[in-house]
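S.K.: In full-length UniProt numbering, the protein residues as written are 1 to 244.
1) If we ignore side chains and look at the alpha-carbon of each, how far apart do residue 214 and residue 205 end up?
2) Tell me whether residue 241 is buried or exposed, calling it buried when 16 or more other Cβ atoms sit within 10 Å of its Cβ.
3) Taking contact to mean 3 or more Cβ pairs, one atom from each stretch, closer than 8 Å, check whether the stretch 189-203 and the stretch 126-137 are in contact.
4) How is the alpha helix (DSSP H) around residue 123 delimited, first residue to last?
5) What does DSSP give as the partner residue(s) for residue 96 in the beta ladder?
6) When you compare the CB positions of residue 119 and residue 135, do they come within less than 8 Å of one another, or not?
7) If we call anything under 8 Å between Cβ atoms a contact, is residue 108 one with residue 117?
8) Return helix, strand or coil for residue 139, following the three-state DSSP convention.
9) Contact between the stretch 158-167 and the stretch 90-101 is defined here as three or more beta-carbon pairs at a separation below 8 Å; is this criterion met?
10) How would you call residue 152, buried or exposed, if buried means at least 16 neighbouring beta carbons within 10 angstroms?
11) Determine the burial state of residue 238: buried for a count of at least 16 other Cβ atoms within 10 Å of its Cβ, exposed for fewer.
12) Measuring only the C-alpha atoms, how far is residue 143 from residue 197?
13) DSSP puts residue 152 in a beta bridge; with which residues?
14) With DSSP collapsed to three states, give me the class of residue 91.
15) Pull up the distance between the alpha-carbon of residue 171 and that of residue 211, whole angstroms please.
16) Who does residue 157 pair with in a DSSP beta bridge?
17) Is it true that the CB of residue 175 sits closer than 8 Å to the CB of residue 247?
Okay, here's the thing in structure tokens:
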């Protein structure tokens, strides 16, 4: 009986070991497969997040110009057009103490000896069109403008010392050369005066003439009232007044 017991125990032990080994072998590959799957899932999640971030950024960039108002777009377009029109390489020189008779044509002809002159402007009065004694000259290149400013500063011309200074690009603006060149024959006040004279000399309609007569009579009556308050009694009599 003892012999049989020993043989059964010895026979069962290797069987159990084989079963445990088989379980271990089968469990190890499953863990490796699960890790690989987890890594792949994480990579897929990161890819999705990156794609979502990119898709979110793109519409914001596209929608920015659409959200801008018309006024801002117009101002931006004007600023860009001014920058495109005015090249950055050109130089501007301020000239002061300009003598009488040394105006746009004479300045252009004189400063040609330094280099190519693109624009000339003399500051003039709106009321009379006469020169204010200073102006601006634009050259094609900055270096030419610097040389002209250095040579013409404190230069004696017609009993006056010219003051020439180079204006750097940071202080330049398109207002130096806006509009057209004024002269003693064409300036703003003269143009306004011509407009008023043409309006007054045009043929008036009957209704306009009646309104003019009414306004003139009311002004006369108001003046009579002011004079009476001060103790002066005067009555104005209108002549050739039509029946209204």
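Idealized CB from N, CA, C, for every residue including glycine.
M.R.: In short, the structure shows the following:
1) 14 Å
2) Exposed, by the Cβ-count rule.
3) yes
4) Segment 117-124 is the beta strand (DSSP E) holding residue 123; no alpha helix (DSSP H) there.
5) According to the DSSP secondary-structure assignment, residue 96 is paired through a beta bridge with 134 and 163.
6) no
7) yes
8) In this structure, residue 139 counts as strand in the three-state DSSP scheme.
9) yes
10) By the neighbour-count rule (16 or more Cβ atoms within 10 Å), residue 152 is buried.
11) exposed
12) 49 Å
13) Answer by DSSP bridge pairing: none, since residue 152 is not bridged.
14) Look at residue 91 here: in three-state DSSP terms it is strand.
15) 53 Å
16) 160
17) Residue numbering for the chain in the displayed model covers 1 to 244; residue 247 lies beyond these limits and cannot be assessed.
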